[in-house]
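*Asks:*
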Amino acid sequence: MDMRNLGLQSTKVLSSTLYFWWIAFLRLSPDYWWICQQNGDCLDTHLVQVWNDFGDIFKYSSISHWWRDYAAKLFDSPQLELQFDKPLLSGLRLLNPAKYHDDLEDHVLVGIPNHLDSVLIAQEIIDLFMSARVSGRHLTNDALYRLESRLNPSSMSKLIPYYCTLLLKLLVQRSELSSPVNSWSSLQMGEHLNIAPQFGYIKGESLAQVRYKQKQIRTTHSHFLKSAKNLVQNSANGRFPYFGELIHPPKWRPEQQRALDIEIAKGNWLPQNWLDLEHAFLFPGNAIASSGEGILRVKELRVIADFGAQQTPDYAAK
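Position one of the sequence shown corresponds to residue 10 (my numbering), numbered consecutively onward.
1. Using DSSP with H/G/I as helix, E/B as strand and the rest coil, what is Ser38?
2. Examine the Cβ distances between the stretch 236-253 and the stretch 26-33 and report whether three or more of them are shorter than 8 Å.
3. Among Ala289, Cys173, Lys235, His257, which one has its Cα closest to the Cα of Ala318?
4. Under the three-state reduction of DSSP, which class applies to Val119: helix, strand or coil?
5. Could you pull the DSSP bridge partners for His102 from this structure?
6. Short check: CB of Tyr171 to CB of Phe249, under 9 Å?
7. To which residues does DSSP link Tyr154 through a beta bridge?
8. Measuring alpha carbon to alpha carbon, tell me which residue in Glu254, Gly247, Ile273 is nearest Val57.
9. Would you be able to state if there are at least three C-beta pairs under 8 Å between the stretch 253-269 and the stretch 36-51?
10. How many Å lie between Ser231 and Glu185 at the Cα?
11. Based on Cα-Cα distance, which residue from His288, Ile130, Leu284, Tyr251 lies nearest to Arg159?
12. Between Pro122 and Arg102, what straight-line distance do the alpha-carbon atoms span, to the nearest angstrom?
13. Do Tyr69 and Phe290 count as a contact pair if the criterion is CB distance below 9 Å?
14. Quick one: Cα of Ser163 to Cα of Glu264, how far?
15. Check for me: the alpha helix (DSSP H) holding Glu309 runs from which residue to which?
16. Helix, strand or coil: which one does DSSP assign to Val190?
17. CB Pro307 to CB Ser187, shorter than 9 Å?
18. Excluding the five sequence neighbours on either side, which residues of its own chain have a C-beta within less than 8 Å of the C-beta of Arg262, listed in chain order?
19. Using the C-alpha atoms, what's the distance from Ser166 back to Thr321?
20. Rounding to the nearest angstrom, what Cα-Cα distance links Leu213 and Val219 in this structure?
Below is the structure:
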């Protein structure tokens with residue numbers, strides 16, 4: 010059986026779920042990074058519990074590797090729901106472990122017709138196996154972490170734009186003085202990401218109209234950035250996707266906070282190649298174009314564009 014592309018297949022399946030984006034936002038939390046460095050020494054009991062359960066997500070090279078070690082014990086069935094005992098086009102069936110008397114909850118049971126070609130069987134089993142792993146225990150046990158039960162479609166459609174807004178803000182903040190994006194304002198960031206297409210400029214409109222639209226783009230950017238930061242903070246407290254602002258208790262003793270500030274200033278959190286690392290962790294199979302036109306000559310903007318090109322994950326209220 011050819012297992013070379015197994016990791017890429019699993020990542021493709023994972024990216025269709027909200028759990029994938031839970032981990033993506035969590036990795037942008039300096040507090041979660043710091044609790045991993047502090048080995049759980051933290052004043053916030055909620056953050057400590059999440060760290061105990063999710064582990065050090067920064068030590069993994071890809072999300073599929075982290076998923077293999079942690080996801081089954083954390084999450085209930087994601088949006089990718091499996092239909093047990095329904096024949097697939099190839100004739101394979103994914104059998105429901107609950108129907109069998111043996112303790113098989115940690116197994117993937119597959120029915121294979123005798124007439125299938127061995128090469129086809131190998132590929133189909135890989136696909137079934139990865140889908141089953143993403144789908145956890147299919148609600149056979151209570152999950153430690155569940156998605157928020159009330160998901161607003163309008164907010165959900167902005168989940169990835171929120172993420173890209175925070176990525177771009179961090180990129181601008183940490184860019185070199187010589188970088189074309191170093192001096193970008195909230196207006197320029199909002200325009201680049203096209204976060205408010207309803208306020209696009211029209212040739213020949215008045216200066217007052219242009220200024221009104223610019224104000225709306227700035228306001229939208231501020232809202233997107235705040236929502237993204239809320240998602241990051243709340244993901245580290247075990248709630249996702251929760252867009253509102255929660256009251257969070259103190260996390261660090263004064264000396265810990267000073268040490269964290271120093272580490273951030275030194276670039277140990279979000280090092281120089283942090284955006285490449287995030288992209289490689291989440292989408293190891295997505296190649297970034299070696300060059301671009303105009304402002305997209307900046308490689309980091311091409312990376313952010315690839316994040317932005319992802320489809321909104323499927324979701325269903327739990």
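The C-beta atom is built at its ideal place from N, Cα and C for all residues, glycine as well.
*Replies:* According to the structure shown:
1. coil
2. yes
3. Cys173
4. strand
5. His is not the amino acid found at residue 102; the sequence shown has Arg there. BP columns for Arg102 point to Gly120.
6. no
7. Phe84
8. Gly247
9. yes
10. 23 Å
11. Tyr251
12. 9 Å
13. yes
14. 41 Å
15. 308-317
16. coil
17. Checking the sequence shown, residue 307 turns out to be Val, not Pro. The answer is no: Cβ separation not under 9 Å.
18. Leu52
19. 6 Å
20. First, the residue type needs correcting, since residue 213 is Gly and not Leu in the sequence shown. Taking the straight line from one Cα to the other gives about 10 Å.
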